[in-house]
């Protein structure tokens, strides 16, 4: 459902070039959580933005549900849900219902579809008593739940999570992890970008360790640990990235 084929991204400033992503290859199938693991600046967010169509690859191609992110960007956006950086991005003056409805409208849904989905999602995330309250008065947890509903209202097949628990407390982080697990149960194709090894261990079926834009290793977590001769993904990550070993 998600294919990243020999993708590179080069940023130019004057006569200088910076390679943010270098010949990246991976795929993620339905019902799978694939981890993109790396330090800050490793190329994770750049990769996510190329998948989300906000950046164009310098080389290679990306397909989401069979659609090319450059040639068929609108179809790609219709098939992805995004939760980035722990920031809910809600309009505080609007109610939860209005925030969710607005996102549905942006995705071309008609009024009947939107209201039907709002009802289903409000039950799934325990929002029923909060739907018509302004989001500015919500707790962090309730804002997260509203953001979850907004991200998935158009029933996207592919979910992108870029450091989704960054800046969140323990309870809010658990809400995010539960939501990701729920997406997996729904058969979604999930790409999780993280440098939190505990989250990776808990969630991911397979992973790719990226450093300075390049792939260090990819596979199931046991395969990565075996390759590195380590007992945990944290140890494997440190060995590959901090020590620069292969």
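Numbering (the numbering used here), first residue to last: 6 to 251. Glycine included, each C-beta is placed from N, C-alpha and C at the ideal position.
* Measure how close the beta-carbons of residue 218 and residue 27 come, nearest whole angstrom, since I'm counting them as under 8 Å. => Yes, they are in contact, since the Cβ atoms of residue 218 and residue 27 sit about 4 Å apart, within 8 Å.
* To do: Would you mind reading off the limits of the beta strand (DSSP E) that contains residue 25?
  => Element bounds for residue 25: 21-33.
* Would you call the segment 166-177 and the segment 188-202 in contact, with 3 or more CB pairs under 8 Å? -> With the cut-off at 8 Å, the segment 166-177 and the segment 188-202 touch.
* Could you pull out every residue in the same chain whose Cβ sits closer than 6 Å to the Cβ of residue 225, ignoring the five residues on either side in sequence? => Counting only Cβ-Cβ distances below 6 Å, and skipping sequence neighbours, we find 211.
* Asked: Between which two residues does the alpha helix (DSSP H) carrying residue 119 extend?
  -> That run of the alpha helix (DSSP H) goes 116-129.
* Asked: Is the distance from the Cβ of residue 94 to the Cβ of residue 159 below 8 Å?
  -> No Cβ-Cβ contact shorter than 8 Å links residue 94 with residue 159.
* Asked: CB of residue 180 to nearest heavy atom of the ligand MG: below 7 Å?
  -> Questions concerning the ligand MG fall outside what the structure shown contains, since it holds no ligand whatsoever.
* **Which of helix, strand or coil DSSP assigns to residue 37** => Note: residue 37 maps to coil in three-state DSSP.
* Note down, one range per segment and in chain order, each alpha helix (DSSP H) of at least 4 residues found wholly within the segment 65-120. => For the segment 65-120, whole alpha helix (DSSP H) runs of length 4 or above, ordered along the chain, are 78-83, 101-111.
* Asked: Candidates 176, 206, 167, 163: which alpha carbon is nearest residue 188's?
  -> Selected option, being the one with the closest Cα: 163.
* **Nearest to residue 101 (by Cα), restricted to the options 71, 183, 137, 119** => Distance check between residue 101 and each of 71, 183, 137, 119 places 137 closest, using alpha-carbon atoms only.
* Asked: Looking at residue 152 and residue 196, is the spacing between their C-beta atoms short of 8 Å?
  -> Contact flag unset, no.
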